[in-house]
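Convert by adding 43 to the 1-based position in the sequence shown; the result is the number in the numbering used here.
Working notes, beginning with the structure itself.
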Amino acid sequence: MTVPTVTVGRMTTQPRGLDIGRPASLIAALPAVLGFVPEHSLAVVTVDNAGPGAELGAVMRVDLSAGLAENTDHLAEVVGAGGPEGAIAVIIDEFGSECEACGTDHLELADALARSLAEEGVDLFAVLVVDRVAAGGRWFCADGCGANGVVDDPEASPLAAAAVLDGRRLYRRRADLQEIIAVTDSDRSERLAQTIAGHARFEPTAAQVRETAHLAMVVAARLADGTEPADAELVRLARGL
């Protein structure tokens with residue numbers, strides 16, 4: 044069975060104004076944490092300090108697939124690794140509200156995820172379904188509890204503002220982010236990987252750490268101006284990590 048690839052995002056700060064107890068606010072915060080707007084996905088949000096003043100922890104995302112309900116253990120292991128008090132799941136499915144059969148699929152996925160998380164000692168507080176993570180998107184609870192509403196504007200989310208202040212760029216689609224980080228020169232990448240692997244591991248001195256940090260800033264500044272770093276510089280940076 045194929046293990047789903049898990050995308051993990053986490054904010055370093057918890058801005059004021061974020062209310063994860065409101066589904067509309069919680070769903071709108073997902074793009075700022077992940078770095079892109081999730082589509083056709085299952086997102087699991089960990090919750091710390093459950094109750095009044097609860098804080099958003101990390102967000103794990105996997106693609107929705109036909110066999111996901113039979114393969115939630117790996118995702119639960121990733122969620123449980125951080126020891127959160129609980130979690131909230133969000134199923135992003137553009138046909139969720141219009142497809143009668145999808146409701147059964149969503150319930151099956153919710154039950155499977157709850158069982159897997161329970162084995163990791165994590166309570167699943169709620170499972171929400173939303174057609175799109177955008178202003179005006181419609182959400183409702185997967186178990187048919189009757190709760191529903193409209194998603195807040197993700198671009199106006201307190202987490203979106205915090206992400207911008209942190210210098211993070213937010214992408215409209217996951218494919219846009221993948222395009223940015225895609226390997227464009229496989230031969231060079233393979234050559235660098237072999238060179239880096241050929242160097243013995245070592246414990247850098249304080250001076251070497253400072254030199255690596257300075258080099259990283261220099262390379263980043265040149266890269267911002269369109270200048271590619273040299274192979275030797277990349278090797279030095281990799282060895283200093």
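Backbone N, C-alpha and C fix where the C-beta goes; we use that ideal spot for every residue, glycine too.
Leaving out the 5 sequence neighbours to the left and right, which residues in its chain are closer than 7 Å to residue i when beta-carbon positions are compared?
i, result
"A190", "F183 and C184"
"T238", "V278"
Report the partner residues of residue i according to the DSSP bridge assignment.
i, result
"I131", "V88 and A169"
"D174", "D174 is not bridged to any residue."
Determine the DSSP secondary structure at residue i, reduced to helix, strand or coil.
i, result
"T55", "Note that T55 scores a pLDDT of 48, beneath 50, so its modelled location is shaky and nothing firm can be said."
"C184", "strand"
"D230", "helix"
"E98", "strand"
"M44", "Note that M44 scores a pLDDT of 49, beneath 50, so its modelled location is shaky; the value from the coordinates is reported in the next line. Coil."
"V193", "strand"
"D136", "coil"
"R65", "coil"
"V278", "helix"
"V252", "helix"
"D106", "strand"
Beta-carbon within less than 6 Å of residue i's beta-carbon, same chain only, minus the 5 sequence neighbours each way: which residues are those?
i, result
"I134", "L85, H149 and V172"
"A178", "D196"
"R265", "none"
"A169", "I131"
"A119", "S159, L160 and E163"
Keeping to the same chain, check which residues put their C-beta closer than 8 Å to that of residue i; ignore five residues upstream and five downstream.
i, result
"D274", "R231, R234, L235 and T238"
- Query: When the Cβ atoms of the stretch 158–168 are set against those of the stretch 191–204, are three or more pairs found closer than 8 Å?
  - Reply: no
- Is it a yes or a no for the stretch 106–123 touching the stretch 149–160, going by three-plus beta-carbon pairs under 8 Å? yes
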